[in-house]
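Colleague:
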Amino acid sequence: MMQGIMPYICPTWLIRTRTKRCKRGDLSEAQRQLKEAQVKARKMDNELLKSIKDLESTRAELPRRAINDYKESIGFKEGLKRMGRVAYEYDYRVALARFRSLYPNSEVEKDPFTIRLEDDSVPMERQQAFDDSNLPES
């Protein structure tokens, strides 16, 4: 080569070389951003799965909690008492009908569950403690 004369460089080759360098730099930057995005996506997936599991466990727990709260309510307890009273009255009526069929000439009080005027004058607490202990023998 001759000294002092610069060799001829094709402008398209120069442009291609610079573009390749830029593309390589852009490619490595894009790959880095892609990896960061993948890491973020995995973290978000894990958080989403955890949230879904929490939601499902809460949904499964809600009916149990609602049932327990209802069973602790006064309305439920009073309803059980009423049901017991109705069952007792029904059993009484069945027994009374059977008794009347076996002993037609016997007299039985019509309905012991009706409230009478003479009963209103007797002072009585609404809630009575039930004592089912054995009586002492005399």
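In the UniProt record's numbering, the protein residues as written are 1 to 138. All C-beta atoms, glycine included, are put in the ideal place defined by N, C-alpha and C.
State the start and end residues of the unbroken alpha helix (DSSP H) segment that holds L80.
Modeller: Residues I74 to L102.
Colleague: What is the C-beta distance between V86 and L96, in whole angstroms, given that I count them as a contact (C-beta under 8 Å)?
Modeller: Not confirmed; about 15 Å, so no contact.
Colleague: Alpha carbon to alpha carbon, what distance is there between K77 and G84?
Modeller: Rounded to whole angstroms, the gap between the alpha carbons of G84 and K77 is 11 Å.
Colleague: Quick one: what's got a C-beta closer than 7 Å to K53's C-beta in the same chain, skipping five residues either side?
Modeller: none
Colleague: Whole angstroms is fine: what's the gap from E125's alpha carbon to E137's?
Modeller: 28 Å
Colleague: Can you name, in chain order, every residue of its own chain whose Cβ lies under 8 Å from the Cβ of A30, other than the five neighbours on each side?
Modeller: Cβ within range, chain order: n/a, list empty.
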